[in-house]
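Colleague: Here the protein sequences line up with chains X and H, keeping their order.
Quick note: the first sequence uses the working numbering, first residue 2, plus one each step.
Quick note: the second sequence uses the working numbering, first residue 2, plus one each step.
Ideal Cβ placement from N, Cα and C applies to all residues, glycine included.
Number of protein chains: 2
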Amino acid sequence: MVNYPNMKKRQMSVSQPSTHKHYTAHRGMSLEEDISLSNEYYLTTQKAVIYKKPTPIQIVKVDYPRREAAKIVEAYYKTPSTTDYNGIYKGKYIDFEAKETRIKSFPFANISLHQVEHLQRIIDHGGIAFIIIAFTSLNEVYLIDASYIIHDYYHSQRKSMTYDKIKTLGHLISQGFQPRLDYLKVVDEVYLKEDE
Amino acid sequence: MVNYPNMKKRQMSVSQPSTHKHYTAHRGMSLEEDISLSNEYYLTTQKAVIYKKPTPIQIVKVDYPRREAAKIVEAYYKTPSTTDYNGIYKGKYIDFEAKETRIKSFPFANISLHQVEHLQRIIDHGGIAFIIIAFTSLNEVYLIDASYIIHDYYHSQRKSMTYDKIKTLGHLISQGFQPRLDYLKVVDEVYLKEDE
């Protein structure tokens, strides 16, 4: 596992209703930033085309100042009905959500029913659907197939999935310099082995 | 072709920097609304999972009034670096842009270099990439494979593609009640014929 001794503390983007600022806090990076940088790397190396969808915003009022760009002066965050990330990798449709948790479990409150339903639809249509979960206190990041989360979301007595279960059912994502989170390596192993 | 005599005039959404309000103006519907309704139909009939990406917004200032939702008080529209729509259909990654034009040609100024590059990447990675073009004065909507637009964008002397060329290279999308624009029928014919 790599720490980043020379990494400067970055300013957090204000484009998100950020409840997830504490992933690997010593590095000053969020899971979202790490995934964004990994996606940029995948894009420039022509490995995959995966983007984060913009946060949906309900715009209420826009001003049109003369000679300037339209200025939104009243707007609100909307609840996303899909996951944050999707794209194409080796000809396959990829779809996932990324979440941080500070405790040693993944609370299902972190994911909405709409997102669970969306992930199930992706599986039904033949896509690759998973969740990336960062345990910030452990500095470990796992990829877990969406079907496990969906199953427990509907059927488990618990309102969360334990770290141990995620460790067993999921796959540790290796951290590095480029890409920071090589989650496509896990995708290769878990979903595309027969194609190699 | 179907008109919609009983269709009530809908209020335009303010969530877009809408320069495209005049598609089939007698119906009061925009191309974007027609595609959204078609996508909802495809979703509920379990035919495909295709969404419009939210418009990217640069948020500058957010107020947090007590007991109320966070209120965005300064924000600006950003230029999208990808296309508006993507999703999965019959296990295939689908990616497209939708544009209206009032004249009898499709001006390349309607599409950004970033979007052209993005569409090329999707083709390179084995996805299905196209553009839906609505000729509002004719009430005709065409699906044209992105490769034709990309080619002419880079190589044509003209700064647009003519209606006649789009009619020849593209495919007319049938309009109806549900779905309003059955563009997946064209996708079947153009891209998935061998799979049937």
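Look at the Cβ atom of X:ASP153, then the Cβ atom of X:ILE123, and state whether they are nearer than 8 angstroms.
Modeller: no
Colleague: Less than 8 angstroms between CB atoms is the rule here; does H:GLY177 satisfy it with respect to chain X?
Modeller: no
Colleague: For X:HIS27, which three-state DSSP category applies?
Modeller: Any reading at X:HIS27 is ruled out, since the residue's pLDDT is 39, under 50, leaving its predicted position unreliable.
Colleague: Going along chain X in order, which residues have a C-beta closer than 8 angstroms to the C-beta of H:ARG67?
Modeller: Here the premise fails: no neighbours, minimum Cβ distance about 16 angstroms.
Colleague: Comparing the CB of H:GLU98 with every heavy atom of the ligand GDP, is any distance shorter than 7 angstroms?
Modeller: Because no ligand of any kind appears in the structure shown, any question about the ligand GDP cannot be addressed here.
Colleague: Using a cut-off of 8 angstroms between C-beta atoms, extract the partners of H:ALA70 located in chain X.
Modeller: TYR77, TYR78
Colleague: Using DSSP bridges, identify the partner residues of H:LEU182.
Modeller: Answer is H:GLN176.
Colleague: Just grab the DSSP bridge partners of X:SER106 for me.
Modeller: X:THR163
Colleague: Name, please, each residue of chain H whose Cβ falls closer than 9 angstroms to the Cβ of X:VAL188.
Modeller: Residues of chain H passing the Cβ test: none, with the nearest at roughly 14 angstroms.
Colleague: The alpha helix (DSSP H) that contains X:LEU38, what's its start and end?
Modeller: 32-45
Colleague: For X:ALA49, name the three-state secondary structure that DSSP assigns.
Modeller: strand
Colleague: Distance cutoff 8 angstroms, beta carbons only. Does H:TYR86 sit that close to anything in chain X?
Modeller: no
Colleague: Under 8 angstroms between the Cβ atoms of X:LYS53 and X:ASP85?
Modeller: yes
Colleague: Please report the residue range of the beta strand (DSSP E) in which X:GLN59 lies.
Modeller: 58-64
Colleague: Based on Cα-Cα distance, which residue from H:VAL63, H:ILE151, H:LEU185, H:ALA70 lies nearest to H:HIS119?
Modeller: H:ILE151
Colleague: Residues in the same chain with beta-carbon distance under 6 angstroms from X:ALA71, minus the five sequence neighbours each way, listed in chain order, please.
Modeller: Around X:ALA71: VAL63, TYR65.
Colleague: Alpha carbon to alpha carbon, how far is X:ARG68 from H:GLY92? Give it in angstroms, no decimals.
Modeller: 47 angstroms
Colleague: Please list the partners that X:PRO57 has in chain H, where partner means a Cβ-to-Cβ separation under 7 angstroms.
Modeller: PRO55
Colleague: Could you tell me which chain B residues have their CB closer than 8 angstroms to the CB of H:ALA99, listed as they occur along the chain?
Modeller: In the displayed structure, chain B is absent; the protein chains listed are X and H.
Colleague: Under the DSSP definition of a beta bridge, which residues are partnered with X:LEU144?
Modeller: X:ILE133, X:HIS172
Colleague: DSSP three-state label for X:LYS100, please.
Modeller: strand
Colleague: Quick one, which of X:TYR78, X:SER148, X:GLU41, X:GLN176 has its alpha-carbon nearest X:GLY127's?
Modeller: X:SER148
Colleague: So with CB distances below 8 angstroms, who are the chain H contacts of X:THR83?
Modeller: TYR52
Colleague: Determine the chain X residues that contact H:VAL74 at a beta-carbon separation under 9 angstroms, and present them in chain order.
Modeller: ILE73, VAL74, GLU75, ALA76
Colleague: So, are the CB atoms of X:LEU144 and X:ILE174 less than 8 angstroms apart?
Modeller: yes
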